[in-house]
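Engineer: What follows is a single structure, and I will ask about it in a moment.
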RNA sequence: GCGCUUGUAGCUCAAUUGGAUAGAGCGUUAGCCUCCGAAGCUAAAGGCUGAGGGUUCGAGUCCCUCCAAGCGCGCCA
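In C-alpha cells form, the structure reads like this:
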C-alpha cells in the first residue's frame with residue numbers, strides 16, 4: 188500500500204499543474220510533503236492542506252476552492268487512489284480529506300502481514316557521523332553528560348532506521364594543559380598516600396575519584412612511584428578514567444563505535460598539515476607572534492588564534508584537523524552535539540572547514556542546553572575540577588536507566604532543563620515512561636490470556652476480517668499506526684527524538700482508552716481475531732518505537 | 001555593555017516549523033475493578049502563550065522595543 192500523504196501530494200501537484208496551464212493559478216507551486224498536515228480536530232478529517240490559501244489565482248476564493256476540489260477528486264479517481272472518501276472545503280484556508288476505512292485496514296494488514304511499518308528511506312545509505320558526549324577524560328561523566336548520551340543514542344537509532352549508516356563517535360581530548368593538570372593531581376594524591384602533604388595544583392582536579400588509582404599505583408610501584416615522569420601520571424589517570432567512562436556509558440545503555448583521540452591526530456602530523464594548508468591558502472596571518480585564522484568574513488566578530496605565541500595550539504587547530512578527517516572519511520552528514528558554551532565556535536569551525544574546501548552545510552551543530560542539577564530544591568554547583576558533581580553512575584544506581592533516558596528525551600535539546608534528583612526519584616513511579624511500558628506489558632498479557640482461553644485460534648493476516656473494527660478507538664488506532672513512519676521521518680529530519688516520543692504517548696493513550704472500553708478477547712471469534720490483529724500491529728509499532736528511543740518494552744512489570 | 005538561547009496551566013514540558021477551539025503528564029477535586037493487568041480509565045478546575053507594538057486571510061511560532069533567567073564575550077577546553 189502506498190503512502191497516503193505521498194498520494195495526496197502527487198494528486199495535489201497534478202491538479203495545481205492543470206490549473207496553472209489553464210492560467211487559473213497564476214504562479215508555479217511545488218507541493219511538498221509538509222503541505223499535507225494533520226488537522227487539529229477530529230471532525231476535520233484525517234489530513235488537510237492549506238495550500239490554496241497560498242497560491243495566487245484569478246478566481247474568487249470560494250470558486251477556486253470548489254473547482255479545485257472537484258478536479259482533485261477526478262485526478263484522484265484517475266490515479267486509482269481509493270484512500271480518500273471525501274474532500275471538504277473550509278474557507279478561507281483548508282481542504283480537508285476524509286479517509287476510507289479500507290485504506291487504514293490495508294495499512295494495518297501490511298503491518299501484521301509483512302511487518303511493513305512504513306519507514307521512509309531518507310538516508311539512502313548516506314553516511315552520518317554523530318559526535319556526542321566527548322567529555323574530557325579528566326573525571327567521571329556527570330548527569331549533564333547523560334542528556335547528550337541519551338539524546339545522541341536515540342537520534343542515532345532513528346537515523347539508522349531511516350536508512351542512514353550511522354557512526355557514533357566520542358572525541359577524546361587527551362592532550363594539553365588539562366591533561367597535564369590531571370597528571371599532576373594524580374601525582375599529588377600518590378604523594379599524599381606516601382605521607383606527604385596534599386598539594387594539588389591550583390587549577391588541578393580536587394576530586395576524590397583519583398584516590399583509588401593513586402593507591403593502586405603506590406602499592407604497585409612503592410615509594411619510587413613519585414620519581415616517575417609526569418606523562419606517566421597523565422596516561423595512567425586518563426586510561427583509568429576513560430575505562431570508567433566507557434563503563435558508565437554501557438550501564439547507561441550507550442555504546443560508541445569509535446573513540447577519536449586528539450593526541451593521535453597530533454602525532455600523525457595532521458594538525459601541522461592542516462595549518463600548512465591554511466597557510467598556503469593565505470587565510471592565516473601572524474600577529475604578535477601568534478597565528479590567526481581569518482574567520483571574520485564568516486560572521487565571526489574577530490579573527491581567531493590557531494597557534495599561540497608560546498607555540499602551542501588553541502582548541503581550534505586540532506578541531507579543524509579533526510573535522511578535516513571527518514570529511515575525508517567521506518561522511519555525508521556530520522552532526523556535533525555541543526554545549527551552549529561552544530555556541531561561539533560554530534562560525535569559526537565552519538569558516539575553517541570552508542577554507543579547507545569542504546561544504547560547511549554538511550555540518551549540523553546541535554546545541555544541547557545545560558542541565559541544572561538540584562537536590563531537594565537546592566541547586567548544585569557542578570565542577571569536575573573541584574570534585575563537586577553528581578556522576579552519571581549515581582543516576583543509574585538510584586534510578587533505572589530507562590527512567591533517566593526517558594526524562595532527558597522528553598525535552599527538546601534546546602530547552603533549558605532542571606533535574607531535581609530527589610524529585611526524580613519521588614516521581615519516578617509517575618514517569619510517563621511507565622505509561623508506555625505498561626502498554627507493552629498489557630499487550631503481552633492479552634496474548635497470554637488468549638493463549639490460555641482459546642489456544643487453537645491462530646491469526647492469519649490474509650484472512651482476518653478487519654472491517655469489523657468500527658469502534659472510534661479502533662479507527663483512531665489504525666490511523667495512528669499509519670502515522671508511525673511519518674513521525675520517524677519528521678524526527679529524523681528535525682534531529683528531534685522528542686517528536687517520536689510524543690507520537691508514542693498519543694498512540695498508547697488511545698490504546699489504554701480502547702482497552703478500558705472494549706473487550707479484546709471475547710465471545711465473538713471473528714471480532715476477537717480482528718481485535719487481536721489490531722493489538723498485534725500496535726505491539727510491533729510500539730516495540731520499534733521504544734527501541735528507537737533506547738527504552739525497554741517489558742512483557743511484565 | 002554586546003551576542004546566543006529560553007520565557008506557554010500551580011510544577012515539568014508539547015504544539016506536525018505561519019494554520020482551525022493552545023495540548024499532555026504531575027499536583028488538586030469528584031467518580032470507575034463480579035469483566036483480558038487500576039502503573040489504567042472518565043470528568044472537573046486551571047491560560048490575555050513574560051509585556052507592548054508591527055507584518056497578513058491567520059501569530060505561541062516571523063520583525064521591532066522592553067522585562068526576566070541561563071550561557072558565552074580568552075593566545076582555556
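Numbering (the working numbering), first residue to last: 188 to 744. Cβ coordinates follow ideal geometry from the N, Cα and C atoms, glycine included.
Might you give, ordered along the chain, the residues of its own chain that have their beta carbon closer than 6 Å to the beta carbon of residue 521, omitting 5 neighbours on each side?
Structural biologist: Correct list, in chain order: 316, 513, 549, 550.
Engineer: Which one of 670, 702, 723, 688 has the shortest CA to CA distance from residue 193?
Structural biologist: Of the candidates 670, 702, 723, 688, the one whose C-alpha sits nearest the C-alpha of residue 193 is 670.
Engineer: Going by Cα to Cα distance, which pick from 364, 704, 596 is closest to residue 340?
Structural biologist: With distances taken between Cα atoms, residue 340 lies closest to 596.
Engineer: Would you kindly report the start and end of the unbroken alpha helix (DSSP H) that includes residue 285?
Structural biologist: Looking at the DSSP string, residue 285 is not in any alpha helix (DSSP H); the run it does join, the beta strand (DSSP E), is 281-286.
Engineer: Return yes when the Cβ of residue 295 is within less than 8 Å of the Cβ of residue 233, no when it is not.
Structural biologist: Not in contact: residue 233 and residue 295 (Cβ atoms no closer than 8 Å).
Engineer: Using the three-state DSSP reduction, which class does residue 523 fall into: helix, strand or coil?
Structural biologist: Three-state result, residue 523: strand.
Engineer: I'd like to check one pair, residue 556 with residue 603: are the Cβ atoms closer than 8 Å?
Structural biologist: In this structure, residue 556 lies closer than 8 Å to residue 603 by Cβ.
Engineer: What are the start and end residues of the beta strand (DSSP E) that includes residue 740?
Structural biologist: Where residue 740 is concerned, there is no enclosing beta strand (DSSP E), given that its DSSP letter is neither H nor E.
Engineer: How many angstroms separate the CA atom of residue 717 from the CA atom of residue 310?
Structural biologist: Cα to Cα, residue 717 sits roughly 35 Å from residue 310.
Engineer: Quick check: the region 536-544 against the region 564-571, are at least 3 beta-carbon pairs closer than 8 Å?
Structural biologist: They do not touch, by the three-pair rule.
Engineer: Please determine if the region 686-694 and the region 251-265 are in contact, where contact requires at least 3 C-beta pairs separated by less than 8 Å.
Structural biologist: No: the two stretches stay apart, fewer than three of their Cβ pairs being nearer than 8 Å.
Engineer: Taking 8 Å as the threshold (C-beta atoms), are residue 469 and residue 314 in contact?
Structural biologist: Against a cut-off of 8 Å, the Cβ pair of residue 469 and residue 314 comes out as no contact.
Engineer: Taking 8 Å as the cut-off, decide whether the C-beta atoms of residue 501 and residue 493 are in contact.
Structural biologist: In this structure, residue 493 lies closer than 8 Å to residue 501 by Cβ.
Engineer: Do residue 698 and residue 626 have their CB atoms nearer than 8 Å?
Structural biologist: Taking 8 Å as the Cβ cut-off, residue 698 and residue 626 qualify as a contacting pair.
Engineer: Which residues in the same chain have their Cβ closer than 6 Å to the Cβ of residue 344, if we skip the five residues on either side of it in sequence?
Structural biologist: For residue 344, where only same-chain residues beyond five positions count, the Cβ hits under 6 Å are 735.
Engineer: Where does residue 707 fall in DSSP's three states?
Structural biologist: The answer is coil: DSSP assigns residue 707 none of H, G, I, E or B.
Engineer: Below 8 Å between beta carbons: does that hold for residue 417 and residue 370?
Structural biologist: It is a contact, given that the beta carbons lie within the stated cut-off.
Engineer: Classify residue 577 as buried or exposed, calling it buried when 16 or more other Cβ atoms lie within 10 Å of its own Cβ.
Structural biologist: With 16 or more Cβ atoms within 10 Å of its Cβ, residue 577 is classed as buried.
Engineer: DSSP three-state call for residue 268: helix, strand or coil?
Structural biologist: The answer is coil: DSSP assigns residue 268 none of H, G, I, E or B.
Engineer: Tell me which same chain residues have a C-beta within less than 6 Å of the C-beta of residue 320, skipping the five on either side of it?
Structural biologist: Excluding residues within five positions, the ones whose Cβ falls inside 6 Å are 332, 335, 336, 357.
Engineer: Alpha carbon to alpha carbon, how far is residue 208 from residue 756? Give it in angstroms, no decimals.
Structural biologist: What is shown of the chain runs 188 to 744, which leaves residue 756 out entirely.
Engineer: Sort out for me which residues DSSP pairs residue 578 with in a bridge.
Structural biologist: DSSP, once it has assigned bridges, lists 329 as partnering residue 578.
Engineer: Please go through the same chain and pick out, in chain order, the residues whose beta-carbon is closer than 7 Å to the beta-carbon of residue 666, but skip the five residues on each side of it.
Structural biologist: Cβ within range, chain order: 233, 291.
Engineer: Give me the Cα-Cα distance between residue 744 and residue 620, rounded to the nearest whole angstrom.
Structural biologist: If you take the alpha carbons of residue 744 and residue 620, they lie about 12 Å apart.
Engineer: Hey, out of 497, 465, 276, 475, whose CA is closest to residue 482's CA?
Structural biologist: When each option's Cα is compared against that of residue 482, the closest is 465.
Engineer: Identify which residue in 206, 241, 225 has its Cα closest to the Cα of residue 255.
Structural biologist: Nearest option by C-alpha distance: 206.
Engineer: Where do the N-terminal and C-terminal ends of the alpha helix (DSSP H) with residue 753 fall, by residue?
Structural biologist: Residue 753 lies beyond the stretch modelled for the chain, which goes from 188 to 744, so this question has no answer here.
Engineer: According to DSSP, residue 224 sits in a beta bridge with which residue or residues?
Structural biologist: Paired residues: 235.
Engineer: Measuring CB to CB, does residue 523 end up less than 8 Å from residue 553?
Structural biologist: Yes, they are a contact pair.
Engineer: In whole angstroms, give me the CA-to-CA distance for residue 715 and residue 640.
Structural biologist: Each residue's Cα considered, the two are about 12 Å apart.
Engineer: If you count every other CB in all the chains shown that lies within 10 Å of the CB of residue 476, and 16 or more means buried, which is it?
Structural biologist: By the 10 Å Cβ count, residue 476 comes out exposed.
Engineer: In terms of residues, what are the limits of the alpha helix (DSSP H) holding residue 396?
Structural biologist: Element bounds for residue 396: n/a, residue is neither H nor E.
Engineer: Starting from residue 364, follow the alpha helix (DSSP H) in both directions and report where the run begins and ends.
Structural biologist: Here the alpha helix (DSSP H) through residue 364 covers 364-380.
Engineer: Quick check: residue 441 and residue 593, are their CB atoms within less than 8 Å of each other?
Structural biologist: Cβ distance not < 8 Å, so residue 441 and residue 593 don't count as in contact.
Engineer: Just confirm the distance between the C-beta atoms of residue 579 and residue 435, as a whole number of angstroms; I'd bet it's less than 8 Å.
Structural biologist: Yes, residue 579 and residue 435 are in contact; Cβ-Cβ is about 5 Å, under 8 Å.
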